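Trainee: Residue numbers (my numbering), protein chains in the order written: chain A, 1 to 101; chain B, 1001 to 1499; chain C, 2001 to 2664. From the three backbone atoms N, C-alpha and C, an ideal C-beta is built for every residue, glycine too. Quick caveat, the model's predicted, so the values are computed rather than measured.
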Amino acid sequence: MEISLDWYLALSAVLFAIGVLGVLFRRNAIVILMSVELMLNAVNLSLVAVSQSIGDLSGQILVFFVMSVAAAEAAVGLAIVIAIFRKKVSVDVNDFTLFRY
Amino acid sequence: MDLTGAYASLGSDLGNAFSLVLLSVVGLVMVVWDSLRNDHRAIPWIGVAASVLAISFELLRMPGPAEKIFYGLMWAGGYASFVNIIILAATAFTLAISVHYLDRIGHNYGEVYSLVVFASAGMIVLGSANSLITVFVGLETMSICLYILTGLVRTEEGSVESALKYFLLGAFSTGFFLYGIALLYAATGTLYLDEMPAALAGGAGSEVLLWGGVGLLFIGFLFKVSAAPFHMWTPDVYQGAPTTLTGYMSTASKASAFAALVLVVYHALPAERWMLVLAIVAAATMILGNVVAIAQSNVKRMLAYSSIAHAGYVLVGIAAGTTAGYSGALFYLLVYTLMNIGAFGVMAALEWDGHVGQKQDLDSLAGIGYRKPLLGVSMGFFMFSLTGFPPLGGFIGKYAVFAPAIDAGLTWLVIVGLLTSAASAYYYLRVLYVFWMKSPEEEAAPALDQLMASPLSMSTSVVLVVCAGLLLVLGIYPGVLESTTLFFSDSAAAVAAIR
Amino acid sequence: MNSDFLVQWILLLPLAGAVLNGLGGLFLPALRERESLFGIVGTAVVAIPFVLTLILFLQYSGEAHVTTFYTWMAAGDLDVSFAYRIDELSLIMTLVVTGVGALIHLYSVGYMHGDPGYWRFFAYLNLFIFAMLNLVLGDNLPVLFLGWEGVGLCSYLLIGFWYTDLKNSAAANKAFIVNRIGDFAFLMAMFVLFKELGALDFGTILADPQALSQSNLNWVVLLLFIGATGKSAQIPLFIWLPDAMAGPTPVSALIHAATMVTSGLYLLARVSPLVLAAPQVMAVIAIIGALTAIMAATIAITQNDIKRVLAYSTVSQLGFMFMATGVGAFFVAIFHVFTHAFFKACLFLGSGSVIHGMHHVEHELHKKGHEGHIDPQDMRTMGNLRKYMPATSTTYLLSTLAIAGIPLFSGFFSKDEILFKAFEYGYSGNTYAWFVWIVGIITALLTAIYMVRSYVLTFRGKERWPMADEVQPHESPWTMTVPLWILSSLAVVGGFVGLPGVIAHGEWNWIHHWLGAPYGGPVAEPVLPAHGGGFLAIEWGLILLGSAIAIGGVWFGWRAYDRHGLDYDRKISEATGRLYGLWRGKYYWDEIYDRLVVQPLIRGSEKLLAPFDEYVVDGIVNGVGHVTRGAGQVLRYLQTGRVQNYALAIVFGVAVVLGIILFG
């Protein structure tokens, strides 16, 4: 049985929303980072599905770029989290309010 | 796609993308040089030399019309050259003023300079993209380098904290941006900007997918240019980052993100529908940036809000939706780059608190104009230009973005712009008031006295004088503005043919 | 020589001087001690343009010449070019500006000696000359306005030159704020002109006054006049000028007597075809001028500060010039600007020389251990200075006689011409001109009296400062006395350029032939009906009347003050009673403004905003600016520093953007 494009897009939207909610409500910087990864992968799902449905490869090429960028982002992100952990001994984002107003 | 002779045009493509290739190669050379030799004094100057070389190349390339290279992935020449010149100038200026500054704060690492160069390479990709793939890759190359640069001063809690904020929010907005690309792809079936109008004319895809995609795509750009309400990272990040690099971030990255936004709306989108969104965002941005800037006492934070406000002015030009508006926006970016790099450069040279300027307030700099006249006078140029006084570039810039908006019927938006720029005089001129007319307090900070005793570095002086001089030239001879209008009229006919 | 070339250097040299002096003093602290360097550069860049202007003047062909250097902005109809106009009017103004300017620069070389801000002073002064030249040479209103604002800025900087003294800063701010009101009116006039005519260059706007509707024309002229009242210190905006005397004396002489304050007159003379077409506004101008003239003259009688007497005298003389403008005698107004520049600059510089000497006295007294303080500007502590400062005394006397209008001195010709024109205009059926004429006659009498009073109190009688037999002032150096001699000679002979109509039927009135529109000049004139044959006798009668008033005033003042000295002030005050109090209190203008404008503004804002104060803004809130500030203070707290709040803002933004783009 063929699954229509709409189902893929809907699943992708749900995953994306879960990622957004994770960013908004989890306190742990690393979990937030993982939520962002979830958002990116939700988009990847859409891209692949759309690419398959219209028979154009460039969407899938973009997915490879997204994956490598996500890896680079994760590397930098974790390094920053480590740096701040050394300073504050915390990864709770609510503790980082030196600059405000 | 037929791949016969796929490498046939590689040679000419590489030649057309000379700046990009040069910066990438030089960036690699800088990394290697830094790891092989202990002495990294020469590294920034390699970068400066490469930027200057690339600028001269782009100057030669600029008069011609823009053409597609790398199978339509990027533009070269014409307005792409103009944008590249802004980016490259910001790079060269930043490298030159950073040397002394980073030395002074004790964080002069060789890889800083190569990161700046790599970020610039990313910006060039972003600012001359013709495909959403290149937009994405350029945006991310730039952003990742900037995250690292923000957190450069590892010993300073504020610096790391602002890097974390920048990173988390940047990645978050990238998610929306990418989702927008996916939806737009679903609606049009292509990732090439200049193929989208044809696809849309064919009636492919649904309205919701298309406009939802456009909206989300805008989010990514609006975040990068710090437009309200996506601006909230800006003050915190600008205040925490090393000052000269803040100048770089606030100018080059904005210039390339705006350039990409212009490319998207110019090549891909039918007018009208998106104009209202940008107009409303522009109004909110101008009001918020200017009003909150008035309440700031830390100059770096004040300049951060000011850069938010200026993003609003550029958006006014783009919201006009006409080629005159786009070229006005590009011209404004050039002027804005000069004055903001200059202003941050002055603040970098006056930084005495030992905390990357996070703690010192404006009043501690009373009477500084007489002690360091070059800084005082050039700050006068930058502040007057930021306010938009004639005969400086800032005035012509504001004119260049406001006039097309009036022609496009956005009079209310221009009125908001004029009122808020009038309000901005308050905080810009206050800087000059403190610099020149306020008597210093009885006991100045010893660190400040020590800083005043040491001479300004040659490279900083040269950069400040060049920035101030160019602002004056752009204000007195607004001929550059006319040349930017040619960029779009050239290819407008081509686009019309496609439609 | 090519006139484009000359105009270019006339403008560029003062600018270059300002830049050189400013940057040199700022960046090379070691150079600041070398005063002569700044003095020479500063003076030369004004003296050379004077010579260049003379060349232009001598080779002038009678044909107005416009030089466009380049177009700065061309957008639609609006075309802002740096275009300069050489014609009779601008030449005569440029001659005054650069000529008197050069002399005052030379004078400042000696006067400012030893001041730590020497370089700054010359930089500002050069910048002022540059701005003033833009004002008088500009061929369109934007360039004129650029100069107009530029002289305002320089005036502000120079009044507050000794900015460490709070009083001086306050005076500078007052001048700045009052002038903004006038500038706003000027801008409005420009907008109306541009909207109606689509151009702002003089060639277009003066071509045909009928191109504007009568009501628009009235508004334009009235707004321009309001602009002029700000810059040229007329009721109700004159209050800044007396306070502006806080600046160094050469500044008072150059800016607040000879040049800047006459720019309002220049403006009206420049647009004279428009003014003539708005007769109701002309009546307003004449009456305001007359009232200002007599009001300032009565105040001047009661003042003891030598510079304040001169300041009010300036306001009064400017009133005279507006009287001339209001009866359509624009060229006479410019004639009076011309002669006034000489004698008033000489008087101010003379007072500066006196103050210089009295400073020396004060200094010596301190050294000798004298307790207490003498005010070096107060005439009550002067007296008999002619014994110690002969050159200053003689030149001051000559200029006093000139301003009093003693026959054959320059002031006689110009002032008499104004009175005659007022009479003639009334004679031709304009009733208000009679009022102006009578007020003018009375003011002329008062002028003679208060000027002689200031001369006698300062230079004659007995020495009134403490320990006068031990401590004496001495004459000022040559750089100060040479300008005095030159200016006083011009004050004596300057009037011969405008011989009255009774001589050779006005054929020898050179300035009339030079400026007047009937002879091809740029300054328009009303067409009056021909007078009968008996009018010549009336003219002679008026001249005799004017001479009698001047001589009588001088004679009276001399007798009264030379015999009684300061005591005579008391006599006047007893004779005039409460009127004298009104004069002494300067008609309480400052107090009235304070009551009616300043206090209500402050009180109103306090009352309205008090509830916000407690919660929102610390300290006192008193203005619209503070409301913005308050809003900033509130909005900044949206910035909580928490990254997830920022992310929430982004999501909010996404909702808004998508909402607008999908459903908007």
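So that I know if they touch, is there some Cβ in chain A lying closer than 9 Å to that of ALA2655/C?
Mentor: On the third sequence, residue 2655/C is found 655 positions in, with the first residue counted as 1. It does not; no Cβ of chain A falls within 9 Å.
Trainee: Listing by chain order, which chain B residues have their CB less than 7 Å from the CB of ILE2181/C?
Mentor: Here the question's residue 2181/C lines up with position 181 in the third sequence. By Cβ distance, chain B contributes nothing, its closest Cβ being about 17 Å from ILE2181/C, past 7 Å.
Trainee: Would you please state the rounded distance, in angstroms, between the beta carbons of GLY2521/C and TRP2514/C? I believe it to be under 8 Å.
Mentor: Sequence index remark: in the third sequence, residue 2521/C carries index 521 (1-based). Sequence index remark: in the third sequence, residue 2514/C carries index 514 (1-based). Rounded, the Cβ-Cβ distance is 6 Å, consistent with contact.
Trainee: Measuring only the C-alpha atoms, how far is ALA1492/B from GLU1272/B?
Mentor: Along the second sequence, read from residue 1 onward, the residue named residue 1492/B stands at position 492. Along the second sequence, read from residue 1 onward, the residue named residue 1272/B stands at position 272. Low per-residue confidence applies at ALA1492/B: pLDDT is 46, beneath 50, and the placement is therefore not dependable enough to give any value.
Trainee: So who's on the other strand from ARG2085/C, going by DSSP bridges?
Mentor: As a working note, residue 2085/C is residue 85 in the third sequence. Looking at the DSSP assignment, ARG2085/C forms a beta bridge with VAL2066/C.
Trainee: By the criterion of Cβ-Cβ separation under 8 Å, what are the contact partners of THR2628/C in chain B?
Mentor: One-based indexing of the third sequence puts residue 2628/C at position 628. Residues of chain B passing the Cβ test: VAL1291, ILE1294, ALA1423 and TYR1426.
Trainee: Flag LEU33/A as yes if its beta-carbon sits less than 9 Å from any beta-carbon of chain B, otherwise no.
Mentor: Here the question's residue 33/A lines up with position 33 in the first sequence. Yes - at least one Cβ of chain B is within 9 Å of the one on LEU33/A.
Trainee: What does a CB cutoff of less than 6 Å around LEU1338/B pick up in its chain, not counting 5 residues either side in sequence?
Mentor: Residue mapping note: residue 1338/B aligns to position 338 of the second sequence, counting from 1. Counting only Cβ-Cβ distances below 6 Å, and skipping sequence neighbours, we find CYS1467, LEU1470 and LEU1471.
Trainee: If contacts are defined as beta-carbon pairs under 8 Å, then LEU1245/B and SER1098/B qualify, I think. What distance do you get, rounded to the angstrom?
Mentor: The count along the second sequence starts at 1 and reaches residue 1245/B at position 245. The count along the second sequence starts at 1 and reaches residue 1098/B at position 98. With 8 Å as the limit, LEU1245/B and SER1098/B qualify as a contact, their Cβ atoms being about 7 Å apart.
Trainee: CB ASN2216/C to CB GLU2196/C, shorter than 9 Å?
Mentor: Counted from its first residue, the third sequence places residue 2216/C at position 216. Counted from its first residue, the third sequence places residue 2196/C at position 196. It is a contact, given that the beta carbons lie within the stated cut-off.
Trainee: Taking just the CA atoms, how far does GLY1247/B sit from SER1461/B?
Mentor: Translated into the one-based positions of the second sequence, residue 1461/B becomes position 461. Translated into the one-based positions of the second sequence, residue 1247/B becomes position 247. Approximately 16 Å, taken between the alpha carbons.
Trainee: Does the distance from the CB of LEU2385/C to the CB of PRO2473/C come in under 9 Å?
Mentor: Locating residue 2385/C in the third sequence gives position 385, counting from the first residue. Locating residue 2473/C in the third sequence gives position 473, counting from the first residue. The answer is yes: Cβ separation under 9 Å.
Trainee: Please list, in chain order, the residues of the stretch 1124-1144 of chain B that have any C-beta partner in chain A closer than 7 Å.
Mentor: Result list: ILE1133, PHE1136, VAL1137, GLU1140 and ILE1144.
Trainee: Nearest CA to the CA of SER35/A: which residue from ALA49/A, TYR101/A, PHE16/A and ILE61/A?
Mentor: For the purposes of this step, residue 35/A is identified with residue 35 of the first sequence, where counting begins at 1. Out of ALA49/A, TYR101/A, PHE16/A and ILE61/A, PHE16/A has the C-alpha closest to the C-alpha of SER35/A.
Trainee: Beta-carbon of GLN1239/B versus every beta-carbon of chain A: anything under 9 Å?
Mentor: Against the second sequence, residue 1239/B aligns to sequence position 239. Interface residue, yes.
Trainee: Could you tell me whether any Cβ in chain C is nearer than 9 Å to the Cβ of PHE65/A?
Mentor: Reading the first sequence from its first residue, position 65 is the one you call residue 65/A. Not an interface residue.
Trainee: List, in chain order, every chain A residue whose beta-carbon is nearer than 7 Å to that of ILE1148/B.
Mentor: Residue 1148/B sits at position 148 when you count from the first residue of the second sequence. Going along chain A in sequence order, the residues near ILE1148/B (Cβ under 7 Å) are VAL76.
Trainee: Let's see if you can read the secondary structure: which residues bound the beta strand (DSSP E) around ALA1171/B?
Mentor: The residue given as residue 1171/B occupies position 171 in the second sequence. From DSSP, ALA1171/B is part of no beta strand (DSSP E) but of the alpha helix (DSSP H) over 1157-1188.
Trainee: Okay, do the stretch 1138-1155 of chain B and the stretch 68-76 of chain A touch, 3+ Cβ pairs below 8 Å being the bar?
Mentor: The stretch 1138-1155 of chain B vs the stretch 68-76 of chain A: in contact.
Trainee: Closest Cβ-Cβ distance between PRO1391/B and chain C: below 9 Å?
Mentor: In the second sequence, the residue the question calls residue 1391/B occupies position 391. Yes - at least one Cβ of chain C is within 9 Å of the one on PRO1391/B.
Trainee: Below 8 Å on the Cβ atoms is my guess for GLY1312/B versus MET1286/B; work out the distance and round it to an integer in Å.
Mentor: Stepping through the second sequence from its first residue, residue 1312/B is reached at position 312. Stepping through the second sequence from its first residue, residue 1286/B is reached at position 286. Right, their Cβ atoms sit about 3 Å apart.
Trainee: If I follow the unbroken alpha helix (DSSP H) through MET2379/C, where does it start and stop?
Mentor: On the third sequence, residue 2379/C is found 379 positions in, with the first residue counted as 1. MET2379/C -> no alpha helix (DSSP H), and no H or E assigned at all.
Trainee: Does ALA1228/B get closer than 9 Å to chain C when you measure Cβ to Cβ?
Mentor: Locating residue 1228/B in the second sequence gives position 228, where the first residue counts as 1. It does; some Cβ of chain C falls within 9 Å.
Trainee: Per the contact definition of three or more C-beta pairs closer than 8 Å, is the stretch 2126-2145 of chain C in contact with the stretch 2013-2022 of chain C?
Mentor: Enough Cβ pairs lie closer than 8 Å, so yes.
Trainee: Spatial neighbours of ILE2355/C within its chain, please: C-beta separation below 7 Å, excluding the five flanking residues on both sides.
Mentor: Locating residue 2355/C in the third sequence gives position 355, where the first residue counts as 1. Excluding positions up to five away in sequence, the list reads THR2249, PRO2376 and GLN2377.
Trainee: Report the option in LEU1333/B, ASP1353/B and VAL1434/B whose CA atom is closest to the CA atom of SER1385/B.
Mentor: For the purposes of this step, residue 1385/B is taken as residue 385 along the second sequence, with counting starting at 1. Cα-wise, what sits closest to SER1385/B is LEU1333/B.
Trainee: Quick one: residues in its chain with C-beta nearer than 7 Å to the C-beta of ALA1348/B, no 5 flanking neighbours on either side, listed in chain order?
Mentor: Along the second sequence, one-based indexing puts residue 1348/B at 348. Cβ neighbours of ALA1348/B beyond the five flanking positions: ILE1097, TYR1101, THR1243 and THR1244.
Trainee: Compute the Euclidean distance between the alpha carbons of GLY112/A and ILE32/A, then round it to the nearest angstrom.
Mentor: Because chain A spans 1 through 101 in this model, residue 112/A falls outside it and cannot be assessed.
Trainee: How about THR2302/C: is its C-beta nearer than 9 Å to some C-beta of chain A?
Mentor: Within the third sequence, residue 2302/C is the residue found at index 302, counting from 1. No, THR2302/C does not count as interfacial toward chain A.
Trainee: Closest to GLY1289/B by CA distance: which of SER1327/B, GLU1157/B and HIS1231/B is it?
Mentor: Here residue 1289/B refers to the residue found at position 289 when the second sequence is read from its first residue. The option with the nearest alpha carbon to GLY1289/B is HIS1231/B.
Trainee: Report the partner residues of MET1030/B according to the DSSP bridge assignment.
Mentor: Counting from one through the second sequence, the residue named residue 1030/B turns up at place 30. MET1030/B is not bridged to any residue.
Trainee: Take SER1081/B and list the residues in its own chain whose beta-carbon comes closer than 6 Å to its own, dropping the five residues that flank it on each side.
Mentor: The count along the second sequence starts at 1 and reaches residue 1081/B at position 81. Once the five neighbours on either side are set aside, the close Cβ partners of SER1081/B are GLU1058, ARG1061 and MET1062.
Trainee: In angstroms with no decimal places, state the Cα-to-Cα distance between ILE2731/C and LEU1028/B.
Mentor: A question about residue 2731/C goes unanswered here, because the residues of chain C that appear run from 2001 up to 2664.
Trainee: Along chain B, in chain order, which residues have C-beta atoms closer than 7 Å to that of VAL69/A?
Mentor: Start at 1 with the first residue of the first sequence, and residue 69/A comes out as number 69. The contacting residues are GLU1140.
Trainee: Just the C-alpha distance for SER2108/C and MET2480/C, rounded to the nearest angstrom, thanks.
Mentor: As a position in the third sequence, residue 2108/C is number 108, starting the count at 1. As a position in the third sequence, residue 2480/C is number 480, starting the count at 1. Between SER2108/C and MET2480/C, the C-alpha separation is close to 7 Å.
Trainee: Taking the alpha carbon of ALA2537/C as the reference point, which residue from ALA2290/C, GLY2042/C, TYR2580/C and HIS2505/C has its own alpha carbon closest?
Mentor: Locating residue 2537/C in the third sequence gives position 537, counting from the first residue. Answer by Cα proximity: HIS2505/C.
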